[in-house]
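Asker: Quick one: this structure, given as structure tokens, is what I'll be asking you about.
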Amino acid sequence: MSQHPPIDILVSEVGPRDGLQSIDPIMSLAAKCAWIDAEFAAGVREIEVGSFVPAKLLPQLADTAAIVAHARSHAGLTVAVLVPNAKGAAAAIAAGAHKLTLPLSASETHSLKNLRRTQAQVLDEVRDIAAMVKALPPGERPHFEGSVSTAFGCTLEGVVTTAKVVELAEALMAAGVDEVGLSDTTGYANPAQVRDLVRAVHAAIGATHLTGLHLHNTRGLGLANVMAGLDVGITTFDSSLGGLGGCPFAPGASGNIVTEDLVFMLEAMGLDTGIDLERLLAVRDILRGALPTEPLYGFTPDAGLPLGFMPRVQPPR
Ligand code: ZN
């Protein structure tokens, strides 16, 4: 596991996975590596670089093993990947990923459609992966997160109850994950719901076992939901540079929350992210060059930094 210098809030860039899997063009391996290199140079300390799913399902992410190998060259960067099952986890471990995230849908219908497995079957995979991780020498074990997806509502089933999310969070912990995350896969979350659900899961599994949220900006509430997460002690937020991927249901809305806007908000509030915002904004040029037909989102990049904006002093690196 790589070491993070002390920061207040960890911004986890998920664009190379969540953004790229949502668009048709396939980014070249060289461009993906350049993107990751530039974000690391700007101070980003955790990047979800891809997903170990069959290439025929997501050809956009077929080169994930090569990207993991490249990203591992950056000392201090946590190289995270998504894994749908034990087979994907084995490939991720072989490639040397530092962090594995396995999604477990709070909606059984979504689980069957997305992973083609029931929730009980996904939990079996979690147990297999946990055993695989424990069999490794202590220094070589990746961090294993179970992420409850559609935790705030599902496009197929509608309302997801707090009781269901709590039940699955407890089941994930019992199956051997290190940590549980909550994902607003569908962009249904509102700030009051974020506070309530995080509190309920904290009460069930302990605050140290839920520290991260994965939020989308489908209805424009992404940063409001981040504020709610901060209120209840969340310290890691997933986001995507340029909000890459957009939202097919809401034209004009970014997909994930926009990394640039998230970092601006946090730094303006005096919360240290370790990220140099000007250098981060410049990384957009790589996306623009590699994906000329994809719209990039974000208010801060368009408006520029306010006169007199003072980010927190960057730690030496
Ligand atoms: Zn997502």
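Each residue of the sequence shown is one higher than the last, beginning at 2 in the working numbering.
All C-beta atoms in this analysis are idealised placements derived from N, C-alpha and C, irrespective of residue type, glycine included.
Are at least three pairs of beta-carbons, each pair with one atom in the stretch 189-202 and one in the stretch 139-147, less than 8 Å apart?
Answerer: Inter-segment contact for the stretch 189-202 and the stretch 139-147 is absent: fewer than three beta-carbon pairs are separated by less than 8 Å.
Asker: At a cut-off of 7 Å, would you count H217 as near the ligand ZN, judging by its Cβ distance to the nearest heavy atom?
Answerer: Within the cutoff, so yes.
Asker: Helix, strand or coil: which one does DSSP assign to P312?
Answerer: coil
Asker: According to DSSP, which residues form a beta bridge with L30?
Answerer: BP columns for L30 are empty, so no partner.
Asker: Taking all protein chains shown into account, decide if T187 is buried (16 or more other Cβ within 10 angstroms of its Cβ) or exposed.
Answerer: Residue environment for T187: buried (at least 16 other C-beta atoms within 10 angstroms of its C-beta).
Asker: Taking only heavy atoms of the ligand ZN into account, decide whether any of them is closer than 7 Å to the Cβ of D19.
Answerer: The answer is yes for D19.
Asker: Which whole runs of the beta strand (DSSP E) in the stretch 165-213 are 3 residues long or more, in chain order?
Answerer: 180-184
Asker: Near L272, which residues of its chain fall below 7 Å by C-beta distance, leaving aside the five closest residues on each side in sequence?
Answerer: Only D9 and I10 meet the Cβ criterion.
Asker: For the stretch 205-213 against the stretch 233-253, do three or more pairs of beta-carbon atoms, one drawn from each stretch, fall closer than 8 Å, so that the two count as touching?
Answerer: Cβ pair count under 8 Å is three or more, so yes.
Asker: Sort I206, V82, N257 and Y298 by Cα distance to V227 and report the nearest one.
Answerer: N257
Asker: If you draw a straight line from the alpha carbon of Q4 to that of Q22, how long is it in whole angstroms?
Answerer: The pLDDT assigned to Q4 is 49, lower than 50, so where the model puts this residue is not dependable; a value taken from the coordinates is nonetheless given after this. So the alpha carbons of these two residues sit roughly 28 Å apart.
Asker: Taking Cβ positions, are A95 and V82 nearer each other than 8 Å?
Answerer: no
Asker: Taking the alpha helix (DSSP H) that D262 belongs to, which residues open and close that run?
Answerer: T260 to A269
Asker: Closer than 7 Å to a non-hydrogen atom of the ligand GTP - does that hold for the CB of D197?
Answerer: This structure lacks the ligand GTP; its bound ligands are the ligand ZN.
Asker: With DSSP collapsed to three states, give me the class of D303.
Answerer: helix
Asker: With distances taken Cα to Cα, identify the nearest neighbour of E109 among D19, R289, L124 and L263.
Answerer: L124
Asker: How long is the line joining the alpha carbons of L282 and G221, rounded to whole angstroms?
Answerer: 21 Å
Asker: Could you check whether the stretch 110-122 touches the stretch 67-82, counting it as contact only if at least three pairs of C-beta atoms, one from each stretch, sit closer than 8 Å?
Answerer: no
Asker: Give the single residue among I276, R18, L105 and A32 whose Cα lies nearest to the Cα of I287.
Answerer: A32
Asker: Among the residues of its own chain, which have a CB less than 6 Å from the CB of A229, if the five just before and after it don't count?
Answerer: The residues are P192, V195 and R196.
Asker: Rounded to a whole number of angstroms, what is the C-alpha to C-alpha distance between C34 and A164?
Answerer: 41 Å
Asker: Under a Cβ-count criterion, where at least 16 other Cβ atoms within 10 Å of its own Cβ denotes burial, should R289 be classed as buried or exposed?
Answerer: Exposed, since its Cβ has fewer than 16 Cβ neighbours within 10 Å.
Asker: Quick one: is S184 near chain D, going by C-beta distance under 8 Å?
Answerer: Absence of chain D from the displayed structure is noted, only one protein chain being present.
Asker: Assign P60 to buried or exposed, taking buried as 16 or more other Cβ atoms, counted over all protein chains shown, within 10 Å of its Cβ.
Answerer: exposed
Asker: Using a Cβ-Cβ cutoff of less than 7 Å, which residues in the same chain neighbour A205 once the five nearest sequence positions on both sides are dropped?
Answerer: Once the five neighbours on either side are set aside, the close Cβ partners of A205 are V167, A170 and E171.
Asker: Assuming the contact rule is C-beta atoms closer than 8 Å, A87 and I130 should be a hit. Round their C-beta distance to whole Å, please.
Answerer: 5 Å
Asker: Exposed or buried, what is K100 when buried is set at 16 or more other beta-carbons lying within 10 Å of its beta-carbon?
Answerer: buried
Asker: Buried or exposed for E268, going by 16 or more other Cβ atoms inside 10 Å?
Answerer: buried
Asker: I'd like to know whether the C-beta atoms of V284 and A43 end up nearer to each other than 8 Å.
Answerer: In this structure, V284 lies near A43, with their beta-carbon atoms less than 8 Å apart.
Asker: For a test of your reading of the model: does the CB of S148 fall under 7 Å from any non-hydrogen atom of the ligand ZN? Yes or no.
Answerer: no
Asker: Where do the N-terminal and C-terminal ends of the alpha helix (DSSP H) with Q223 fall, by residue?
Answerer: Here the sequence assigns Gly to residue 223, which means Gln is not the residue at that position. Run containing G223: G223 to D232, per the alpha helix (DSSP H) assignment.
Asker: Compare the Cα-Cα distances from S148 to each of P312, M266, S112 and V50 and report the closest residue.
Answerer: S112
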